[in-house]
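Enquirer: Letter by letter, the sequence shown follows residues 475 to 1131 in my numbering. Every residue, glycine too, gets a C-beta built ideally from N, C-alpha and C. Here it is, the structure in full.
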Amino acid sequence: MSTSALLSLGVRAMFANQAALQTIGQNIANANVAGYSRQEVVLTTPEGQFTGAGYFGKGVNVQTVTRSHNEFLTREAAAAKSQAFMDNTMQAQLAQLENIFPTGSDGIGQASNDFLNALVDVASRPSDPSARQVVLGKAQELASRFQSAGQQLADLQAGVVSDMKADVKTVNELAKQIAAANDQIARANGTSHSPNDLLDKRDQLVSQLSQYVQVSTVASSDGTVGVFIGGGQRLVLGGQAQELQVTPDPYDNSRAQLSITEANGTRVLDDSTLTGGSLTALLRYQNTHLQDARNLLGQMATAIATRVNEQQSLGVDLKSAAGGPLFSIADPTVLPAVTNKGDAKLSATITNGEMVPALSFVISADPTGTPDSYQIAVRPDGTATTMNKDQIEKAYGISLTMTGTMQANDRFVLEPVAAAATSFKRAMDDPSGLAAAAPVVGTVDVNNKGTATVDSLYAVNSKFDKTLQPATVQFGTVNADQSINYTITLSDNTSYTGTWKAGQAIGNDPAGGVDLGFELRLNGVPREGDKINLQKSDAVVSTNNGNAKAFLKLQSETFVGKQLQADGTMSRGQTVTEAYAAAIADVGSRVQGAEYLASVSTTVASQAEATRSGQAGVNLDEEAARLMQFQQGYQAAAKVLQTAQTIFDQLLSIVQR
């Protein structure tokens, strides 16, 4: 081999080893940099040089520098991260929601029980002003609990909107950076060498974007990638990036929706098309969990307020007047869509607080044009059902009133109870206004031979007619099943017959064909011929505690969430305590489910990232071994150069002689 060939061989080898050493140094320096892919020098053997003695090798060439990258593992890691961020965001939001439904003495269930328990003293001392004042104090505490919970829900809603805006701002910035990286990569694409650092940067940006919304990527021939969200909605294409926006809900400005800006306008992104990321979690939390909690709380507030006010109206206060409302709540909320074109206005009122569901509805026009008929669907994604006004009232206890004309695409959102908790207030300030007395009193006839006495007597519904008093309850023969026949005779000589057994009520037995709007309960057992006299309570309101006893019965009465069954009967419903316990259980189960999903998805994301980095990441032990290898190669190349230099010097010295 000639001296020049030896020198060329040494130079090539030294250059190759220097490039390899530089790449190894970069790998070591970036070992802890997120998203960095290990780089490696690709060496090739150049064509040998022909001599009379054969072909001699020319050493080594540096062909290019590649990065360790697996497209499949990168996508899987980004998708797993997106799912983990969605689940963790949902878990964090639900944990805040759970705090609104405390257990024990701090809960609404206990506050409602305390309010009803305070009526025990009123039942014992109907005219005692201090006992009445305690009832009003407990009523105020119950109202404050509902208002506080309602305001906390409103604050959570405001927080969701704020978080969405912050996330969208970050997403838009990342999209612009991805577009800029695409542009740089496309310009470098013609060099036949891949811009490794730019590719790493873009992959890292896509990974960061996946934290907020799950994306899919499609590679192009020019080296750029298209980034898509929401089932194929373009976010980045080449060097162009679209912008996301947080826009107001078309029905309620306090809520938000996610939209994307396009050349022809703004398109709303349905949360059902979004998969993964914190933005998806926030949207679903707002549209489902937060709305469900507001409705559950509002359903309890509506049921309590309407039922207490109803019983209050059936009693008599210390001024011998019918009881006025003890609580007040807002009417159902009806929100028109901003896109409505008709002049229709829709309003709603609660006619039966026991049946009002913990739901929100979307109401649109009946395509057939039938008067007082609508299409009604449970929000957000229920199937529309055609129902007329009477059917809606019978099924949900809500009366609708429409003025004007609805156009074909007009929509209204009906929220029967969403605002009930926030608007729940004590409407009575005068203790004497508490209707502790029943409108009717009962006394046993002096000639009775049985042991029956009046345990309680009060009105139970609006069918009670005070003008038909006085009245009598006459007991007749004893039947084989130990029931006793009775006859109720009103002041207009109208009579009703029924049978009585121990523990049953008289006067309020719809199944037995007797429903006069009052309920008489007895202690002891009457005999044939015994009589109970009923009369107005106007003269004895200060000592009459009949309606106070009716209030006490509300603790065990199932007046929350009754539903109309397919056979036309009513479901049992729940007591206030049961309803609050069910709400706590519902929210608690959602929190537990979210915690489990967050734990699983975090583990999966960690494993996916570990698998990706195991192939693309830097192993310091491996790099150290390669460093020693190429150091030795560098030293060997230097030795070759040293030898060539020595030979060249010797040749020069010979020539000089």
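For the candidate residues 563, 729, 672, whose alpha-carbon lies nearest to that of residue 629?
Expert: Nearest of 563, 729, 672 to residue 629, Cα basis: 729.
Enquirer: Taking the alpha carbon of residue 869 as the reference point, which residue from 590, 601, 1042, 570 has its own alpha carbon closest?
Expert: If we check each option's Cα against that of residue 869, 1042 comes out closest.
Enquirer: Below 8 Å on the Cβ atoms is my guess for residue 894 versus residue 804; work out the distance and round it to an integer in Å.
Expert: Indeed they touch by this definition, with Cβ atoms about 7 Å apart.
Enquirer: Could you spell out the range, first to last residue, of the alpha helix (DSSP H) harbouring residue 752?
Expert: From DSSP, the alpha helix (DSSP H) with residue 752 extends over 752 to 758.
Enquirer: Does the Cβ of residue 1126 have 16 or more other Cβ atoms within 10 Å, making it buried, or fewer, making it exposed?
Expert: The residue is exposed, with fewer than 16 neighbouring Cβ atoms inside 10 Å.
Enquirer: Determine, using beta-carbon pairs with one atom in the region 971 to 985 and one in the region 993 to 1012, whether at least three such pairs fall under 8 Å.
Expert: Touching, yes, given that three or more Cβ pairs across the two stretches are closer than 8 Å.
Enquirer: What is the rounded straight-line gap between the Cα of residue 687 and the Cα of residue 563?
Expert: Using only the alpha carbons, I get a separation of about 12 Å.
Enquirer: If you drop the 5 nearest sequence neighbours on each side, which residues of the same chain put their C-beta closer than 6 Å to that of residue 605?
Expert: Result list for residue 605: 595, 596, 599, in chain order.
Enquirer: Which full runs of the alpha helix (DSSP H) of 4+ residues lie inside the region 853 to 895, going along the chain?
Expert: Complete alpha helix (DSSP H) runs here, min 4: 863 to 870.
Enquirer: If you drop the 5 nearest sequence neighbours on each side, which residues of the same chain put their C-beta closer than 7 Å to that of residue 646?
Expert: Cβ within range, chain order: 717, 718.
Enquirer: Do the region 762 to 775 and the region 617 to 627 touch if we need at least three Cβ pairs shorter than 8 Å?
Expert: The region 762 to 775, when compared against the region 617 to 627, does touch it at the 8 Å Cβ threshold.
Enquirer: What number of angstroms, rounded off, separates the C-alpha of residue 612 from the C-alpha of residue 1031?
Expert: Spanning the two alpha carbons is a distance of roughly 19 Å.
Enquirer: If you run the structure through DSSP and keep just helix, strand and coil, what is residue 1124?
Expert: DSSP places residue 1124 in helix when its eight states are reduced to three.
Enquirer: Can you say whether residue 1083 is buried or exposed, counting buried as having 16 or more other CB atoms within 10 angstroms of its CB?
Expert: By the neighbour-count rule (16 or more Cβ atoms within 10 Å), residue 1083 is buried.
Enquirer: Please report the distance separating the alpha-carbon of residue 702 from that of residue 843.
Expert: Computed Cα separation, rounded: 42 Å.
Enquirer: May I ask you to list the residues that DSSP assigns as paired with residue 917?
Expert: Residue 917 pairs with 1007.
Enquirer: Residue 847 to residue 855, Cα distance in whole Å?
Expert: Their backbone Cα atoms lie some 20 Å apart in a straight line.
Enquirer: For residue 774, which of 1129, 1073, 1056 has the nearest alpha-carbon?
Expert: Checked all of 1129, 1073, 1056; the closest Cα to residue 774 is 1056.
Enquirer: Mind checking residue 795: buried by the 16 CB within 10 Å criterion, or exposed?
Expert: Label assigned to residue 795: exposed.
Enquirer: On the DSSP bridge list, what partners appear for residue 997?
Expert: Bridge partners of residue 997: 927.
Enquirer: Looking at the strands, I want to know which residues DSSP matches up with residue 899.
Expert: DSSP lists 802 as partners of residue 899.
Enquirer: Rounding to the nearest angstrom, what Cα-Cα distance links residue 1074 and residue 837 in this structure?
Expert: Cα to Cα, residue 1074 sits roughly 40 Å from residue 837.
Enquirer: Exposed or buried, what is residue 850 when buried is set at 16 or more other beta-carbons lying within 10 Å of its beta-carbon?
Expert: Flag for residue 850 reads buried.
Enquirer: Locate the alpha helix (DSSP H) running through residue 778, then write down its first and last residues.
Expert: Its alpha helix (DSSP H) spans residues 765 to 787.
Enquirer: Does DSSP classify residue 1132 as helix, strand or coil?
Expert: Absent from the structure is residue 1132, since the part of the chain shown begins at 475 and ends at 1131.
Enquirer: Quick test of the definition: if touching needs 3 or more C-beta pairs under 8 Å, does the region 1017 to 1037 touch the region 825 to 832?
Expert: Short answer: they touch.
Enquirer: Output the boundary residues of the alpha helix (DSSP H) element that contains residue 658.
Expert: Where residue 658 is concerned, the enclosing alpha helix (DSSP H) stretches over 603 to 662.
Enquirer: Quick one: what does DSSP say residue 582 is sitting in, helix, strand or coil?
Expert: Here residue 582 sits in helix by DSSP.
Enquirer: Straight-line CA distance for residue 742 to residue 940?
Expert: Cα-Cα distance, rounded: 59 Å.
Enquirer: Is the region 549 to 565 in contact with the region 676 to 693, if contact means three or more CB pairs nearer than 8 Å?
Expert: Verdict: yes, contact present.
Enquirer: Do residue 962 and residue 1143 have their beta-carbon atoms positioned less than 8 Å apart in this structure?
Expert: Residue 1143 is absent from the structure shown; the chain starts at 475 and stops at 1131.
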